[in-house]
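Enquirer: First the structure, then my questions, so here it is.
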Amino acid sequence: MLTLTVNGMKKEVDVDPGTPLLWVLRDNLGITSVKYTCGIAECGMCTVLIGGEARRSCAIAAGDVQGSAITTIEGLADDHPVKVAWIEQQVPQCGYCQPGIMLQTVDFLSRVPSPSEAQIGEAMDNVICRCGSHPRMKKAIAQAAVLTASQGG
Amino acid sequence: MNDDMTRRSFLKTGSLVLAATAIAGPSGLFNASPVEGASGIPFKPHAFLEIGTYETVTVWVGQTDLGQGTHTGLCMVIADELDAAWETVQVKMALAAEPFKDPLWHAQLTGGSSSFRNRWDLLRTVGAAARQMLVEAAAEQWGIPGTDCVAREGKVFHPDGSSLTYGQLAEAAGKRPVPENPSLKKPKDYQIMGTDRKRLDIPDKVMGKTVYGIDFAMPGMCIAVVARPPRYGARPASHDAKAAMAVTGVVQVVPLEDRIAVCAETTYAAIQGRNALDIKWSDGSSPDLNDETIAAFFKKQLDQPGAVAEESGDAEKALTEAARTLEQSYTLPYLSHAQVEPINCTAHVEKERCRIWMPTQGQTATQETASRLTGLSPEKVEVMTLPAGGGFGLRGEQDAVEDAVLLAKTLDRPVKVIWTREDDFANDRFRPASHSRIRAGLDKDGRVIAWSHKVAAPSVMSRVMPQAVQNGIDPDAVAGIGDMPYSLPNLQVNYVMIDLPVPVGWWRSVGYSCNVFAVESFIDELAHAAGKDPVSFRLEHMEKDSRPYTVLTRLAEKGRWGSPIASGRARGVAVVSCFESVVAHMAEVSVGEKGRITVHRMVCVVDCGTAIYPDAIRAQAEAGVVMGLSTAFHERVRFANGGVKTTNYDGYPVLTISEVPEIEVHIVENPIKAGGIGEPVFPSVTPAVANAVFQATGVRLRDLPFQKDLLLKG
């Protein structure tokens, strides 16, 4: 039996500790906002925050993150600057990649609060969006940075 | 009864009678649209529209929103003619049903940028008819003529300023006959179309609440992954079912015709079970198939005469009379859809019905597939269309439907079939590769007097719609050539159908995705040969003031064509007319010492007729640039040992954020019938870039993806 802390709640799951966190979240805990796409940590759609750090849940054994705080998109407040900016800029097309990208943005902005366009490009260059929402993503990241700063966060 | 009949025979485009079919009630798991007999809905003038007593306007849609904002746009058209209050409008995806079939194509599918252009009159008429009924209901209540009343934002106003809401009028309106020919608004009177509303699906997507096909779950469901042949035509010679069954969670191993399914309680168990199968596969139909043999085959086939697809004037004769002739060849690779949500389908087969939950683009095809496999009539197949993580043409395919239905029958429980990413690359129905050779003649004034174009490409239609292939011609395979936006006196198009085991399918912009690269590159080469400016040369060959003429002129103006440009940079243009829209692109590029191409700026001008939803049009135009550049620089499916060599995104990189240039989108105001947008924004991107690279370096890039070694200096 594993104990995982997801969005502040303790969850017990009866799985092999070697099971990728992605599948435990999706199939055992029903948190399907964490997306399966490549399974080889190439695309960034399964990203969750572990202790605030963006990590690809397809490449993490569930047993290795017992005791860590795991955050999925549901764990961010509805008025979180990243969510507000994503709606304001009308970023998603199909939307499938967005939760992972938004969580990576949260981690990035926590380290680089007012990024330049080049820094955004560098930090977000390892995620895939097949629809091509990138131009809006750039704007939303910049806006989220401004919103975060104005909230004193 | 009479009124009911009228309602059910509500006219659709043209004046054909719409026969609404009764469908099974809601599944309890999904919003179903009862086409008739909805309880508690006082006013349902059409399968697309319900108005409730509590000021709710519900638009039922049968089109799949693959991320283009289609659902919001469909609501905007109906709500505008209805004069609804936008904040009362909600959208719901309907069960697959007769009224949601395409009025021209007679099948429910989402493709060919058809959602608006094939329903332009129908959608507006639905809204306008409902508005007229509400106005008449109010007029009757007030005892005044309807012409004295005005509808605005969900209310009907009396000349004295008092009003009744649509909710208050819904019941009375529902008792009135549906008008056959309600008056439609003039474009100047649109209140909602042409404005930027927030997309209705975005908040759920941002909050992580959207349940995509792959996320769907229901009680009793198990999950299946299927080991499919790694080589075309291969079959499993042996496998170890015991080892798969030994994996905790695996419930059954089911051999199917040329593949083996592993069903389990969880996805991970199913994947592990499949890994344990240790299948030995036969060699397959063409073990020698690989990148080199494919390229050689195309090259050889391009020397065949092919079938004449289009002929006007006498191109061969004109070529002999030309002052100057040019010949060039262009090649494009097989492409994967690479849509991010892997293919999936959930099926539950019961005695009297079969239910399918799927992010599908092809509802009617899905009903037919499940009907064939279950023996149930197509109406007994309930298709619940779930949100899709991209599609680009692939989601009309039926492979996963077949497996889900067969397995659900075998296991007698609901089964969700999921493809892994490796399955997705290996079993995609690819965008056809295409090789073409063009010969053209210029007269002494530098005008094109002959164009002879031969295309060698596999045929999608031969598989999906064989009746469309006549005399060896797949019309999609030659799209964009005979209908190029230039008026040429002598034109011939030949088509050589490539027959290889690699399956091909619809992919964004279909035939235009290949042929426009060749046409728009070659016209640029001809401009250069004629010593003319590429924009002026194109305009000289267009009908003056035609849509392409206007779009290209606007592009030159907005892109500042011909104005001074930063050192090292150069511009190129391309234009396309397809799916009842016209799009042109201007690329601004530079080429580095090591042959690295940087695209600094892309300008896109779009004429898609009435711009229903400008922000969604801009989003599609941005997306077209991103996907176009992705195919320009990166995308190519690899083959080896008789099958697909590409396995995942690490071998099929797509464009990432640092490569995305500044993108400007300009929409031409043209208040005619709405044209397509998702497809037309793609084809002219790659030739615009290639043409700009030529301006920058003098090197022509005629093969996709671009090979930068051609650009190495020295």
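Line order of the protein sequences matches chains D and R. Letter 15 of the first sequence, counting from 1, is numbered 15 in my numbering, and no numbers are missing. Take the position in the second sequence, starting the count at 1, then add 1000; the result is the number in my numbering. Ideal placement from N, C-alpha and C gives every residue a C-beta, glycine not left out.
Taking Leu29 of chain D and Lys11 of chain D to be in contact with their CB atoms under 8 Å, please state how far apart those CB atoms are, rounded to whole angstroms.
Expert: For Leu29 of chain D against Lys11 of chain D, the beta-carbon gap comes to about 6 Å, under 8 Å, which counts as contact.
Enquirer: For Leu1289 of chain R versus Pro1501 of chain R, is the C-beta distance shorter than 8 Å?
Expert: yes
Enquirer: Could you pull the start and end residues of the beta strand (DSSP E) that Ser1436 of chain R belongs to?
Expert: Ser1434 to Leu1442
Enquirer: Rounded to the nearest angstrom, how far is the Cβ of Val1599 of chain R from that of Val1689 of chain R, given a contact under 8 Å?
Expert: 6 Å
Enquirer: So, using beta-carbon positions, are Ser133 of chain D and Gly52 of chain D closer together than 8 Å?
Expert: Gly52 of chain D sits away from Ser133 of chain D, with the two beta carbons spaced by 8 Å or more.
Enquirer: If you follow the beta strand (DSSP E) that Glu1310 of chain R is part of, which residue opens it and which one closes it?
Expert: Ala1307 to Ser1312
Enquirer: Assuming Val1381 of chain R contacts Gln1398 of chain R under a Cβ cut-off of 8 Å, what Cβ separation, rounded to an integer in Å, is found between them?
Expert: Not a contact, Cβ separation roughly 12 Å.
Enquirer: Any Cβ of chain D within less than 8 Å of the Cβ of Asn1648 of chain R?
Expert: yes
Enquirer: With a CB to CB cut of under 7 Å and the five nearest residues on each side skipped, what residues in its chain are close to Gly1154 of chain R?
Expert: Glu1055, Ala1084, Ala1085, Thr1088, Thr1165 and Tyr1166
Enquirer: Are Ser1183 of chain R and Ala1138 of chain R close, meaning C-beta to C-beta below 8 Å?
Expert: no
Enquirer: Look at the alpha carbon of Ala1626 of chain R and the alpha carbon of Ile1617 of chain R, and state the distance between them as a whole number of angstroms.
Expert: It should be pointed out that residue 1626 of chain R corresponds to Val in this sequence rather than to Ala. When rounded, the distance between both Cα atoms is 14 Å.
Enquirer: Just to confirm my understanding: we take Glu88 of chain D, look at its own chain, exclude 5 residues before and 5 after, and list those with CB closer than 8 Å. What are they?
Expert: Contacts found: Ala140 and Gln143.
Enquirer: Could you give the residue range of the alpha helix (DSSP H) that holds Ser1630 of chain R?
Expert: Note, Ser1630 of chain R: alpha helix (DSSP H), Pro1614 to Phe1633.
Enquirer: Looking at Trp1060 of chain R and Ala1094 of chain R, is the spacing between their C-beta atoms short of 8 Å?
Expert: Result yes, Cβ atoms of Ala1094 of chain R and Trp1060 of chain R sit closer than 8 Å.
Enquirer: For Val1668 of chain R, which residues of its own chain have a beta-carbon under 7 Å away from its beta-carbon, when the five flanking residues on both sides are left out?
Expert: Cβ neighbours of Val1668 of chain R beyond the five flanking positions: Thr1550, Val1551, Arg1554, Val1605, Val1606 and Asp1607.
Enquirer: Please determine, among D:Asp27, D:Pro135 and D:Arg26, the residue with the shortest C-alpha to C-alpha distance to Lys1656 of chain R.
Expert: Lys is not the amino acid found at residue 1656 of chain R; the sequence shown has Thr there. Nearest of D:Asp27, D:Pro135 and D:Arg26 to Thr1656 of chain R, Cα basis: D:Pro135.
Enquirer: In three-state DSSP terms, what is Lys1708 of chain R?
Expert: Three-state result, Lys1708 of chain R: helix.
Enquirer: Leaving aside the five residues before and after Leu1488 of chain R along the sequence, list all residues of the same chain whose C-beta is less than 6 Å from its C-beta, in chain order.
Expert: Val1448 and Trp1451
Enquirer: Quick check on Gly1624 of chain R: buried or exposed, where buried means 16 or more other Cβ atoms within 10 Å of its Cβ?
Expert: buried
Enquirer: Check distances from the C-beta atoms of the stretch 1377-1395 of chain R to those of chain D and list, in chain order, the residues that come in under 9 Å.
Expert: So the list reads Pro1387, Ala1388, Gly1389, Gly1390, Gly1391 and Phe1392, given in the order they occur along the chain.
Enquirer: Distance cutoff 8 Å, beta carbons only. Does Arg1421 of chain R sit that close to anything in chain D?
Expert: Closer than 8 Å: yes.
Enquirer: Can you list the residues of chain D that Asp1205 of chain R reaches, using a CB-CB cut of under 7 Å?
Expert: Per the sequence shown, residue 1205 of chain R should be read as Lys rather than Asp. Near Lys1205 of chain R (Cβ distances below 7 Å), the residues of chain D are Pro92, Gly95 and Gln98.
Enquirer: Residues in the same chain with beta-carbon distance under 7 Å from Ala1621 of chain R, minus the five sequence neighbours each way, listed in chain order, please.
Expert: Cys1604, Val1606, Val1665 and Val1681
Enquirer: Drop a sphere of 10 angstroms on the beta-carbon of Gly1028 of chain R, count the other beta-carbons inside from all chains shown, and report buried for 16 or more, exposed for fewer.
Expert: Because the pLDDT at Gly1028 of chain R is just 30, under 50, the model does not fix this residue reliably, and the value given afterwards should be weighed accordingly. Exposed: under 16 other Cβ atoms inside 10 Å.
Enquirer: Just to make sure I have the definition right: I need the residues of chain R whose C-beta is within less than 8 Å of the C-beta of Lys139 of chain D. Which are they?
Expert: Near Lys139 of chain D there are no residues of chain R at all, since even the closest Cβ is about 11 Å away, more than 8 Å.
Enquirer: How many angstroms separate the CA atom of Arg1259 of chain R from the CA atom of Val1417 of chain R?
Expert: 13 Å
Enquirer: DSSP three-state label for Asp1291 of chain R, please.
Expert: helix
Enquirer: Within the 8 Å Cβ cut-off, does Met45 of chain D reach chain R?
Expert: Yes, because at least one Cβ of chain R sits closer than 8 Å to the Cβ of Met45 of chain D.
Enquirer: Which residues, taken in chain order from the stretch 1187-1216 of chain R, show a beta carbon closer than 9 Å to some beta carbon of chain D?
Expert: Residues are counted here when their Cβ sits less than 9 Å from a Cβ of chain D; for the stretch 1187-1216 of chain R these are Asp1196, Lys1198, Arg1199, Asp1201, Ile1202, Pro1203, Asp1204, Lys1205, Val1206, Met1207, Gly1208, Lys1209, Thr1210, Val1211, Tyr1212, Ile1214, Asp1215 and Phe1216, given in chain order.
Enquirer: Relative to the alpha-carbon of Ser1577 of chain R, which residue among R:Gly1592, R:Ala1566, R:Ala1479 and R:His1634 has its alpha-carbon at the smallest distance?
Expert: R:Ala1479
Enquirer: Which residue's Cα is closest to the Cα of Arg1569 of chain R: R:Ile1597, R:Gly1067 and R:Asp1278?
Expert: Distances from the alpha-carbon of Arg1569 of chain R to those of R:Ile1597, R:Gly1067 and R:Asp1278 put R:Ile1597 closest.
Enquirer: Could you name the residues of the stretch 1329-1345 of chain R whose beta carbon sits closer than 9 Å to any beta carbon of chain D, in the order they occur along the chain?
Expert: His1337, Ala1338, Gln1339, Val1340, Glu1341 and Pro1342
Enquirer: Unbroken alpha helix (DSSP H) runs of length 4 or more, entirely within the stretch 23-90 of chain D: which are they?
Expert: 81-88
Enquirer: I'd like to confirm the pairing. Which residues does DSSP put opposite His1348 of chain R in its beta bridges?
Expert: His1348 of chain R is bridged to R:Arg1355.
Enquirer: Below 9 Å on C-beta distance, what does Met1627 of chain R contact in chain D?
Expert: Arg130, Cys131 and Gly132
Enquirer: Just to confirm before moving on: does the CB-CB distance between Val1464 of chain R and Ser1434 of chain R stay below 8 Å?
Expert: no
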